[in-house]
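Numbering (full-length UniProt numbering), first residue to last: 1 to 1016.
Every residue gets a Cβ at the ideal spot worked out from N, C-alpha and C, and that includes glycine.
The structure presented is a predicted model; accordingly, all values stated were derived computationally and were not measured.
Written out below as structure tokens is the structure these notes cover.
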Amino acid sequence: MTPRVHYNIIQQILSRKQLSQAMPGETAWSRVSVSPEPAAEHSTTFAVPAVSDALTLSSLSLEALRNASAHRTRRFELVRLSRPVPVLRRGQHFDVVIKFNEQRPFDLEKDSLRLVFSFGQNPNAVKGTQGVVSILNDSSECWPVHDGRWYGRLKNSDSNETELEIRPSADAPIGVWRLKVETGVKEESSAIPKVYEHKEQIYLLFNPWVKDDATFMEKQALLDEYVLQDVGKIWVGTYQSHWGRQWVFGQFDKAVLPAAMFVLERANLDPTIRGNPIAISRAISKLVNSNDDAGVLVGNWSGNYAAGTAPGAWTGSVKILEQYHSTKQPVQFGQCWVFAGVTTTICRALGLPSRVVTNLVSAHDSNASLTVDKYFDYNSRPLDTGDSIWNFHVWNEAWMARPDLPKGYGGWQAIDATPQETSDGVYQCGPASLQAIRQGSVGFKYDVQFLISSVNADVVYWKQDPTAEIGYRRMNASTAEVGRKILTKQANVFDATGQADMEDITWLYKAKEGSQLERSTMYNAARGSTNARRYLLQPGEAREDLVFTLNDLDKINVGDKFEINVTIKNEVDDARTLDVTLCASSVYYNGVEANLIKKAAGKFKIRPRGRDVLRLEVTPTEYLPKLVEYGMMKIFAVATVLETKQTWAAEDDFQIVKPKISVKVPEKVVAKQVSSLEFTLKNPLKTTLHNCKLQYEGPHVLTSNVTIDMDDIGPEEEITVKGDVTPVRKGKFGLVAVFSSDELHDVTGSASVENMQVEDGSRTGASTAAASGHACVFCLAAAVLERRPGCERPTTLHPLEGAGRSVHGGLNRCPLEMESGSQAMTTEVGLVFSTAETWNATFENNSTEEMNSFYFYQTEQVTVLWILFVLIVLGNSAVLAALLLDSKGRKSRMNFFIMHLAFADLSVGLISVLTDIVWRITVTWHAGHVACKLIRFSQGMVTYSSTYVLVVLSIDRYDAITHPMNFSGSWRRSRILVAVAWLLSAVFSIPLLILYEEKEIQGKNFTVCFKQNEAA
């Protein structure tokens, strides 16, 4: 038997005997912790025969803070606890520091060292739930290609401390991992190794910054929004009147990541597919609602929320997930935007890029017909059916590859946690490829047809008619009513009080409404559904010679009256008799009628070629007592022409608009100090508001949400309520407020809180720059780093985690020096390090001169380059314009030289300086390999030309002065000199085409355009 088999047998024997003390002859044994099972809270300690000369591990550190900086997880509060919890991203290396009891360094030639990372109850390396890492002596920058295995290498070994680099596989399961370490001596391979069970949990997340991860997003600047942004907007309202409701996602709160892992555990996914974003996103859509598996939220659209919290009272996800995790019971209550907000929080916490999407006028197709069918009885009363139209519906998109579908269907995938219809027997929806939805590909997974109906169903009206073939006569159909506008928050833009951050993404879901392509998509989808063919292609039966128009209402301020108008035009020479019904009802936002407010019905004649307008006025006293939450209203109009049986129906949804809360924030807010807020609200009603409450919350400005009980508010009274915030960090953060009362619900307001000072009053230029997004060139230092004697390479460099966030790095601290590169026009700047002392560049802990010096190169440098660019372009453009507009001046040889000199300098600004600015802002090189060579060649050429044109001008002037009698001053000579200057510039720049290439910085997850030796 092999030594490993002997080892396992001994483990089992000792476990059965429950040995707790050393066996006889303990002097020849070593006490270590051994367990074939996952690490428990307390490991059993007993004696096993061990290698006599094997190193004994005394401590192990996963360097949670240092690794978090590189892995963009430093904002997780778990990492900032007194005992930091490691939060890592897969596919990217991290550091492990091990200390041994022996006073000698780890010797890779003599000592064996193995790290075993395990996930789930029965970890297996073949199935991907165990990472077995044998340490290699590999000092190269390049890691092996991702092949599903974990890799490790020795980084440094000094005295009794050993530093390792470990790289997890890019498809490793997402969740909590465990670690044990085995040490031994290579010459004694038959001996039992010493085993150390690490008690600390390791969170492993998706890594959309790594190309081999299935969640990789090429435009990595978008990840600042879709993974790292913890406050966003959810658009609600009607098509005519909608606004962005701020929502605190709070994915970095210390309660969220454990709650997200608990949600995944309840999904009962096989551990082997826990690394698959398709399976995880589908599970999230199932577990965020409580209809199956006791998920997070109980849906409630009844208007009665006495047993829990009204959906409109929630301002963020943290409290919901915290309550769910602590009680293990579903939280009451939620509606679609609450489901979507919680889904976004979980996705972003797990590292899965996600955004909230709102569909204004959203169809709920209950019978897979691709239509929403509205039925009316003989008396034009609407009949209750399974189909409905929501004023708005909110779901999510998650970004991932789709290897289970044909090429081209990856990217954004729609998932919906709101329980509407079952899929595979449970309430879940998606992920559905947006490309499949747009093309009408109903055969692709998952739930594509349901989402096609949601955004593009035809609305068909039917009226009961015993003479019709199917018992109902088709009245009319609307092909443009559903999916009027599909919105999301624009990436990396935030407007606290307006809608400048709204992005219309309707085009991602369907072609232009009414276009041939849009209709073809619907017919293509209908081919795959029997019900769709039956309903969608059903022709109308009656002759239509009257034209009806229901005038849409935009929005009505609460307390104002409104009027329903129907315009009727007779297009024939005969009079017609009409039976018309108009009604107004309050509705819940999902389209379900709450209360009938007013109805009018009757018959009348319209003259030949005549035109009439029917009106129905509704006053505040009629609708206010019957108004329900969110103030949604629906008006119906139904008409039948008695002579021709032509029947027409239409509906319109609008909103009774409520006032906004005005939030006043002090101009100066100091971190870790209390600041006062003012909330101002005016009662728009002529009645008193009772049981008034104000709730507000915001990440990093409040430790938890705050509820203020208020006095009754009199009719049309304006009140101001004071509150406090205590920001815990510097930066710019959002704050959300919600007011509710018995008579008036869902009144919202928001503001931005920006900390411009630190508690001790030290310099804040760095944090101000970061908050405004100007410090987004953090990893530039890594991109331009050149090695020097006595200076070690940086251990950790990475892009910022988003504007307004703390910036952290693991640089080896060295005094910074400016060094001009090969192109002298200040466009190539290197940051050169000259010592190997460790420095952690954080906003929280550094107020020293070194930190200020560091930020000069990260912020002021970009500012100086912008100023230089503007001056170059404006100055040289003015010179060229003056020379070109002067017809006499163009005949001057001297002006000919000056014109070329100005053109060369202008080219330096446009090609060299501007390109350098863009790269410093985007950090990673996006232009590709060919552009890398061409741009570097162009930069070199224009820089040389700026110098050589000046040289030939000097030669011309020198000859004119030293040989005045023989100097010809011909135009031919001048043109030759200038041509030679440009030719030499091009020739001397040719090596740049060879030397420069696009390179990926190993372990930094970004690409650069550098000379080959620089990229190493």
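- Looking at the DSSP output, Trp390 shares a beta bridge with Ser362.
- Per DSSP, reduced to three states, the secondary structure at His926 is coil, with no helix or strand assignment.
- Note that the C-beta distance between Ser61 and Val97 is below 7 Å.
- The count of Cβ pairs closer than 8 Å, one atom from the region 716-731 and one from the region 604-624, stays below three, leaving the stretches out of contact.
- Here DSSP, grouped into helix, strand and coil, assigns Tyr696 to strand.
- Rounded to whole angstroms, Gly386 and Ala363 show a C-alpha spacing of 11 Å.
- Excluding residues up to 5 positions away in sequence, Pro168, Ser169, Ala170, Asp171, Ala172, Ile174, Leu204, Leu205, Phe206, Asn207, Val210, Asp213, Gly275 lie with their Cβ nearer than 8 Å to the Cβ of Arg90 in the same chain.
- Only residues of its own chain outside the window of five on either side were considered, and among them Ala70, His71, Arg167, Pro168, Asn207, Trp209, Val210, Gly1003, Asn1005 have a CB closer than 8 Å to the CB of Gln92, listed in chain order.
- For Cys583, there is no enclosing alpha helix (DSSP H); the enclosing beta strand (DSSP E) has its first and last residue at 576-587.
- A straight line joining the alpha-carbon of Phe392 with that of Tyr589 spans about 7 Å.
- The continuous beta strand (DSSP E) containing Arg611 extends over residues 611-618.
- Cβ neighbours of Ala511 within its own chain (closer than 6 Å, five residues either side excluded): Leu517, Glu518.
- Within the region 163-246, the complete beta strand (DSSP E) segments at least 3 residues long are 175-185, 194-205, 231-237, listed from N- to C-terminus.
- Distance from Val558 to Ile661 at the Cβ level is roughly 14 Å; contact not present, criterion being Cβ atoms closer than 8 Å.
- Going by beta carbons, Ala477 and Glu513 fall outside the 7 Å limit.
- Burial of Ala64 is indicated by the presence of at least 16 other C-beta atoms within 10 angstroms of its C-beta.
- In the assembly as shown, Gly232 is a buried residue. Its beta-carbon has 16 or more other beta-carbons within 10 Å.
- Secondary structure note for Glu322: its alpha helix (DSSP H) is the uninterrupted segment 318-327.
- In the displayed model, Gly411 falls within a strand according to three-state DSSP.
- With respect to the 7 Å criterion, Val738 and Gln695 are classified as neighbours on the basis of their beta carbons.
- Taken atom to atom, the span from the alpha-carbon of Lys328 to that of Lys485 is near 38 Å.
- Residues of the same chain with a CB within less than 6 Å of the CB of Tyr944, apart from the 5 flanking positions on each side, are Ser985, Phe988 in chain order.
- For the region 613-667, the full-length alpha helix (DSSP H) segments reaching 4 residues or more read 620-623 along the chain.
- The region 247-258 and the region 486-502 do not touch, with fewer than three beta-carbon pairs separated by less than 8 Å.
- As the crow flies, the alpha-carbon of Trp301 is around 15 Å from that of Val236.
- When secondary structure is reduced to three states using DSSP, Leu108 falls in the coil class, being assigned neither helix nor strand.
- Per DSSP, Tyr472 is one residue of the beta strand (DSSP E) stretching across 472-478.
- Within the DSSP bridge table, the entry for Gln130 names Ser118 as partners.
- Note that the C-beta distance between Gly440 and Asn524 is below 7 Å.
- Judged by DSSP secondary structure, Ile284 falls outside any beta strand (DSSP E) and instead within the alpha helix (DSSP H) spanning 277-287.
- 7 Å or more divides the Cβ of Asp709 from the Cβ of Thr688.
- For Tyr151, the uninterrupted beta strand (DSSP E) run begins and ends at 151-158, by DSSP.
- For Tyr523, the enclosing alpha helix (DSSP H) covers residues 516-526.
- In this model, Leu735 and Pro727 are separated by some 11 Å (Cα to Cα).
- Exposure of Asp404 is indicated by the presence of fewer than 16 other C-beta atoms within 10 angstroms of its C-beta.
- By the Cβ-count criterion, Glu469 is exposed, with fewer than 16 other Cβ atoms from all chains shown falling within 10 Å of its own Cβ.
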